[in-house]
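Q: Residue 47 is where the sequence shown starts when you use the numbering used here, and the numbers rise one by one after that.
Here it is, the structure, as structure tokens.
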Amino acid sequence: MAKAISLISGGLDSILATKLILEQGLEVIGLTFKLPFLSSDSSLETTKEICKKFKIRCRIIDLCNSKKYYNIIRKPEFGYGKNFNPCIDCHLFMLKIAKKVMKEEGAEVIITGDVLGERPMSQRKNILHIMDEKAHLSERVLRPLSAKCLDETKVEKDGIIDREKMMSIQGRSRKEQFKLASIYGINNYPTPGGGCLLTERQFCKKVKDLIDHKSLNDKNVSFLKVGRHFRLNERLKLIVGRSEDDNKRLEALWQAPQVLLKCKNIVGPSGILCGPSNKRDIMLAASIVASFTKAKGAIIVEYIKRKNTNSKELLVDAIDNDKRAKLRI
């Protein structure tokens, strides 16, 4: 039985593409990626559920600690989209990994949920062709939802896949996908759009700050989804919690030599000071933390540099809102 490696993102397009190939009688192996810039892990869970429903194996590649992946975020060959999203380079990177998996599994083809013209940057016909060539996968990537609008792949030419049973969907409308999902009884999928935080303007400011200060890595990226971010100077960054949940997440992420700051005896946020700091730096950070409380006048902020050691106290006044705004990323 012929094998296919299907790139499943958890979105409807990749789910439908996988189903179309299963209908052709191929053995399908699901391949998905854990990425540092996804808004949540829901797409990963959806992928696992779909693979279980389709009774196929699911291979998960974790890119959260991949230096090569962060390199394409720093300097993508094909540039960024509207915000900080290097969609072409990201998709190409995944295709290259999929090629290795294809060889390991002895598969004939890679399946993706690409729809011609659905995404203006990465799903144009010439771009799809360039990605296949760059990944050395010419005629080895089948896009079932738009296959009839694209050149034949090897599996179609060899009769392994019946091209007439593929689709010819184009453009940004999702009507055909919703209709096909209804036919197959597929209803557990996320709403279109979203997912990648690199397409969100405010989040991208924080990513750019890390790149500008040569500190884009898995350790620092783990903080990006939490709290308010402030750049105090070239070496120092402060993250301040927005809520009780944020405070708990920050405290869970905190590790030496970062400084943990907490308001004493009043309700207020926690803060994490990242980078080499002195007493003056900690005073500034404490004044920012204090500014998010409802207290009047000077307040006591505790700080600690290492777990299982005693905290120290500072008496500080809240920083002026205008000064605080200038430090906000």
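The beta-carbon is built from N, C-alpha and C at its ideal position, and this holds for glycine as well.
Since the model is a prediction, treat every value here as computed from it, not as a measurement.
DSSP state of residue 275, grouped into three classes?
A: Reduced to three states, the DSSP call for residue 275 is strand.
Q: Which same chain residues, not among the five before or five after residue 344, have their C-beta less than 7 Å away from its C-beta?
A: So the list reads 361, 362 and 363, once near-sequence residues are dropped.
Q: Identify the continuous alpha helix (DSSP H) that holds residue 336 and give its terminal residues.
A: Per DSSP, residue 336 belongs to the alpha helix (DSSP H) from 325 to 336.
Q: Please list the terminal residues of the continuous beta strand (DSSP E) segment that includes residue 157.
A: Element bounds for residue 157: 155 to 157.
Q: Could you check what DSSP says for residue 147 in three-state terms: helix, strand or coil?
A: Helix.
Q: Cβ atoms of residue 102 and residue 78: under 8 Å apart, would you say?
A: Cβ distance not < 8 Å, so residue 78 and residue 102 don't count as in contact.
Q: Looking at C-beta atoms only, is the number of pairs between the region 63 to 73 and the region 106 to 122 that lie closer than 8 Å three or more?
A: Short answer: they don't touch.
Q: Leaving out five residues on either side along the sequence, give the residues of the same chain with a beta carbon under 6 Å from the beta carbon of residue 319.
A: If we look at residue 319 and ignore the five residues flanking it on each side, its Cβ neighbours are 284, 305 and 331.
Q: How is the beta strand (DSSP E) around residue 93 delimited, first residue to last?
A: Residue 93 -> not in any beta strand (DSSP E); alpha helix (DSSP H) instead, spanning 88 to 100.
Q: If you drop the 5 nearest sequence neighbours on each side, which residues of the same chain put their C-beta closer than 7 Å to that of residue 214?
A: Excluding positions up to five away in sequence, the list reads 192, 194 and 195.
Q: Going by the beta-carbon positions, is the gap between residue 187 and residue 154 smaller than 8 Å?
A: Against a cut-off of 8 Å, the Cβ pair of residue 154 and residue 187 comes out as no contact.
Q: State the start and end residues of the unbroken alpha helix (DSSP H) segment that holds residue 368.
A: From DSSP, the alpha helix (DSSP H) with residue 368 extends over 367 to 373.
Q: For residue 358, which residues in the same chain have their Cβ closer than 8 Å to its Cβ, ignoring the five residues on either side in sequence?
A: Closer than 8 Å at the Cβ level, and outside the excluded window around residue 358, lie 348, 349 and 350.
Q: Per DSSP, residue 50 is paired with what?
A: Residue 50 is bridged to 74 and 155.
Q: Under the DSSP definition of a beta bridge, which residues are partnered with residue 349?
A: DSSP lists 307 and 358 as partners of residue 349.
Q: Measuring CB to CB, does residue 179 end up less than 8 Å from residue 218?
A: Result no, Cβ atoms of residue 179 and residue 218 do not sit closer than 8 Å.
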